[in-house]
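Chemist:
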Amino acid sequence: MHHKTIKSALISVSNKEGLEPIVNRLSSLGIALYSTGGTYAFIDQLGLKVTLVEDLTQYPSIFGGRVKTLHPKIFGGILNRRENAKDIAEKGEYNIPDIDLVIVDLYPFEETVSNGGTTEEIIEKIDVGGIALIRGAAKNYNDVLTVSSRRYYKKFLDLLNSGGGLTTLDQRKSFALRAFHISSHYDTAIFNYMNRSG
Numbered sequence: 000m001h002h003k004t005i006k007s008a009l010i011s012v013s014n015k016e017g018l019e020p021i022v023n024r025l026s027s028l029g030i031a032l033y034s035t036g037g038t039y040a041f042i043d044q045l046g047l048k049v050t051l052v053e054d055l056t057q058y059p060s061i062f063g064g065r066v067k068t069l070h071p072k073i074f075g076g077i078l079n080r081r082e083n084a085k086d087i088a089e090k091g092e093y094n095i096p097d098i099d100l101v102i103v104d105l106y107p108f109e110e111t112v113s114n115g116g117t118t119e120e121i122i123e124k125i126d127v128g129g130i131a132l133i134r135g136a137a138k139n140y141n142d143v144l145t146v147s148s149r150r151y152y153k154k155f156l157d158l159l160n161s162g163g164g165l166t167t168l169d170q171r172k173s174f175a176l177r178a179f180h181i182s183s184h185y186d187t188a189i190f191n192y193m194n195r196s197g
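Numbering that gives the first Met the number 0 numbers the first residue of the sequence shown as 0 and each following residue consecutively.
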């Protein structure tokens, strides 16, 4: 099936700017929201129903937040193939929910470097979970739509308003292409920093 209806979303963003109208619209469409610490608090304060990722995984955020979303229930929910019989069976066996939409705004690595952050501050801004979420969702664009940066919020909100949560394969592929562009640029920035710093 080329058309998919978004029924659930994982949202994990560093910067909350521009997020409010999106989560309000998602909620109004009855889309289940999953989120991490700071983003969860932001959505919860808006009075919207949202599930903490830790409640889904039954595993806490550990190592100062370095490990939050890196869990089979999250990545299984993103990467399972919706029409694959084996995937459907395994999803049921391990009680993994589908995640149809991933919204991520990565840690501000380049900004931290340009602002003269310490080595420790810069290293902590190397996003691992976020970049993995983007790549996983983009890889499975057949079933999942990924919004990989705040710069794509308006385009996504327009799509959400016009389609009511229904997306086409071409739309999901277009957002996947943007996601791989974001991840490529992000990794290049990290490489350039590490290469310069020796």
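Backbone N, C-alpha and C define an ideal beta-carbon position, used for all residues, glycine too.
#1: Please state whether DSSP places residue 126 in a helix, a strand or coil.
#2: With a 10 Å radius around its C-beta and 16 neighbouring C-beta atoms as the bar for buried, classify residue 101 as buried or exposed.
#3: Just to confirm my understanding: we take residue 144, look at its own chain, exclude 5 residues before and 5 after, and list those with CB closer than 6 Å. What are they?
#4: Ignoring anything shorter than 3 residues, give me the beta strand (DSSP E) runs that lie fully in the segment 6-79, in order along the chain.
#5: Just how far apart, CA to CA, sit residue 20 and residue 51?
#6: Take every Cβ of the segment 64-78, pair it with every Cβ of the segment 133-142, and state whether three or more of those distances are shorter than 8 Å.
#7: If we count Cβ pairs, one from each stretch, closer than 8 Å, do we get three or more for the segment 114-131 versus the segment 61-75?
#8: Drop a sphere of 10 angstroms on the beta-carbon of residue 164, count the other beta-carbons inside from all chains shown, and report buried for 16 or more, exposed for fewer.
#9: How close, in whole Å, do the beta carbons of residue 109 and residue 40 come, if the pair is a contact with beta carbons under 8 Å?
#10: Taking the alpha-carbon positions, what's the residue 62 to residue 37 distance?
#11: Could you check how far apart the C-beta atoms of residue 5 and residue 30 are, in whole angstroms? I think they sit under 8 Å.
#12: Assuming contact is defined by CB atoms lying nearer than 7 Å, are residue 13 and residue 152 in contact in what I supplied?
#13: Report the partner residues of residue 4 according to the DSSP bridge assignment.
#14: For residue 68, count neighbouring Cβ atoms within 10 angstroms of its own Cβ and tell me buried if that reaches 16, exposed if not.
#15: Of the residues 132, 64, 55, 147, which one's Cα is nearest the Cα of residue 104?
#16: Roughly how many whole angstroms lie between the Cα atoms of residue 55 and residue 158?
#17: I'd like to check one pair, residue 86 with residue 7: are the Cβ atoms closer than 7 Å?
Modeler: Let me spell this out:
#1: coil
#2: Buried, by the Cβ-count rule.
#3: 100, 166, 171, 174
#4: For the segment 6-79, whole beta strand (DSSP E) runs of length 3 or above, ordered along the chain, are 7-12, 31-34.
#5: 20 Å
#6: Counting Cβ pairs under 8 Å, three or more are found: they touch.
#7: yes
#8: buried
#9: Going by Cβ atoms, the distance from residue 109 to residue 40 rounds to 26 Å, so no, they are not a contact pair.
#10: 16 Å
#11: 6 Å
#12: no
#13: BP columns for residue 4 point to 165.
#14: buried
#15: 147
#16: Distance between residue 55 and residue 158, taken at the CA atoms: about 28 Å.
#17: no
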